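Undergrad: Submitted below is the structure of interest, expressed as structure tokens.
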Amino acid sequence: MKKREIVRGAKDFLPPEAAKKRQFENQAVETFIRWGYREVITPTFEYLEVIETGAGEEIREELFLLQDQDGRLLALRPEMTIPIARIVSTKFRDNAGVLRLFYNANIFRHALPQMGRYQEFYQLGVELIGASGAMADAEVIALAAEVLKQQELEFKISLNHIGIFNHLLLQSGLPESVREGIKRLVLKKDLVGLNRMLADLPLAPELRRVLLDMPLQHGGPEVLERLEPVREIPRVKEAINELSEVYDCLASYGIQDDVVIDLGILRGFDYYTGIVFEGYSPQLGYPLLGGGRYDNLLGKFGCPRVATGFAVGVERVLLALGQRNSTPREVMVVSGSDLQSVLKQARELREQGFIAEVDLSGENCTEKVVVKSRVSVR
Ligand code: AMP
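Position in the sequence shown counted from 1, then plus 1373, gives you this note's numbering.
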């Protein structure tokens, strides 16, 4: 019965789940505000050029496209970092200092729907603009961890520096299309394919070994010792040092135990330039959140500014929370023969913080006002 079908990969939130979503969003938003972040709300769609300026033309296959009446192509936003880059480059051009922004938005991506993967989903996230250095990266990672901790979720944050992989590949002298192919295999965690591809390429043996080894390496700082054979490549060295610095900084936040260094984390978007990270929970086989440093994106919008940020997927957090019970709430049902008294009573109860429903059943009631209570899972 097509006329009652919901679009593939889209989702209805019925009251208990909508209540959990609202609660998570409220708690996260409150935390963002307390850490100094201010909200921005952007349109659901952007000109296609804006999205492609930020993410490159490859993003197009993931986009829902539409056309306005002037024939211009629009895209439903596939993430929020690019719309915020557009805002910063137009509305905050003169703000040379540090800018802390957050959002709570629905996101659209063409995707083969499966468990935890939707075509419309919700993200909460922050962008910290105008701050370079380990402290800024550590702040957004710590904030991401805080948001998950509030939900009492079990999680780990996997941390990497995209510069290690990118500069190793650049060093290899391979053409861009081949480098992209290698990156895609690592992103898909297709180690068999990676092995096969690297075997056929003219690479220095130690470089091949490190590239094959990196996706498997995760743990404490000792993981970085695996990069010893390539450590002296200047940009690689710089990236490793930055990664260590951020990891050390996370100790000051008291969250080093929640973080693992994972040299296989590359992230999907090409705009990342430095630290990258993803948050995982043992309940789910895919990330709950992701983020990183993107120092060149704002420059593409004519407003060069360094930046770092993250986004957490709301549906995935709800999935990880699983069947945790919604809290039952007491509901006051107010009925009676005198409408004014009934409404007055309901208002007073609401002012006292109760949920108060006016009884619409039309049942005959001889008393002016009667209040009954029932317990309901919201
Ligand atoms: P990304 O920047 O693509 O890593 O997205 C950040 C977060 O958004 C992910 O860690 C997920 O929690 C969530 N997310 C991304 N894509 C989807 C999707 N198709 N369905 C549901 N959640 C998603």
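Cβ atoms here follow ideal geometry from the backbone N, Cα and C, with glycine treated the same way. If you're wondering where the values come from, they're calculated on a predicted model, not measured in any experiment.
I want to check one thing, is the minimum distance from the CB of A1428 to the heavy atoms of the ligand AMP below 7 angstroms?
TA: no
Undergrad: Just to confirm my understanding: we take A1684, look at its own chain, exclude 5 residues before and 5 after, and list those with CB closer than 6 angstroms. What are they?
TA: The residues are Q1496, G1498.
Undergrad: Using CA coordinates, which residue listed in F1494, F1650, V1551 is at the minimum distance from F1386?
TA: F1494
Undergrad: If the criterion is Cβ atoms closer than 8 angstroms, does the pair A1518 and G1664 meet it?
TA: no
Undergrad: Can you find a heavy atom of the ligand AMP that lies under 7 angstroms from the Cβ of P1578?
TA: no
Undergrad: Can you tell me where the alpha helix (DSSP H) holding M1570 begins and where it ends?
TA: Segment 1564-1572, the alpha helix (DSSP H) holding M1570.
Undergrad: Measuring alpha carbon to alpha carbon, tell me which residue in A1511, A1392, L1691 is nearest H1534.
TA: The residue with the shortest Cα to Cα distance from H1534 is A1511.
Undergrad: To the nearest angstrom, how far is the alpha carbon of V1632 from that of K1562?
TA: If I take the Cα positions, the gap works out to 20 angstroms.
Undergrad: Expressed to the nearest angstrom, what Euclidean distance is found between the alpha-carbon atoms of I1455 and G1592?
TA: 32 angstroms
Undergrad: From the DSSP output, read off the bridge partner residues of L1474.
TA: R1411, E1500
Undergrad: Using only the alpha-carbon positions, how far apart do L1318 and K1529 sit?
TA: Nothing in the structure corresponds to residue 1318, since the chain is present only between 1374 and 1751.
Undergrad: Alpha carbon to alpha carbon, what distance is there between G1675 and Y1653?
TA: 35 angstroms
Undergrad: So, under 8 angstroms CB-CB, V1513 and G1686 are touching, yes? Tell me the CB distance rounded to an integer number of Å.
TA: Actually they do not touch by this definition, with Cβ atoms about 16 angstroms apart.
Undergrad: Within this structure, are the beta carbons of E1651 and I1638 separated by less than 8 angstroms?
TA: Against a cut-off of 8 angstroms, the Cβ pair of I1638 and E1651 comes out as a contact.
Undergrad: Any idea which residues DSSP pairs M1705 with across the strands?
TA: Paired residues: A1729, S1746.
Undergrad: For the beta strand (DSSP E) containing N1533, list its first residue and its last residue.
TA: 1529-1534 is the span of the beta strand (DSSP E), which, as asked, contains N1533.
Undergrad: Please look up how many angstroms separate the CB atoms of L1558 and G1566, rounded, as I've assumed it's under 8 angstroms.
TA: 5 angstroms
Undergrad: Name the DSSP bridge partner or partners of L1447?
TA: Y1420, L1439
Undergrad: Can you tell me whether H1591 is helix, strand or coil according to DSSP?
TA: strand
Undergrad: Taking A1684 as part of the alpha helix (DSSP H), name the residues at either end of that continuous run.
TA: Unbroken run through A1684 is the beta strand (DSSP E), 1680-1686; no alpha helix (DSSP H).
Undergrad: Rounded to whole angstroms, what is the Cα-Cα separation between A1401 and G1409?
TA: 13 angstroms
Undergrad: State yes or no: is the C-beta of R1482 within less than 8 angstroms of the C-beta of V1423?
TA: Result no, Cβ atoms of R1482 and V1423 do not sit closer than 8 angstroms.
Undergrad: Applying the 10 Å Cβ sphere with the 16-neighbour rule, what's the burial state of K1741?
TA: exposed
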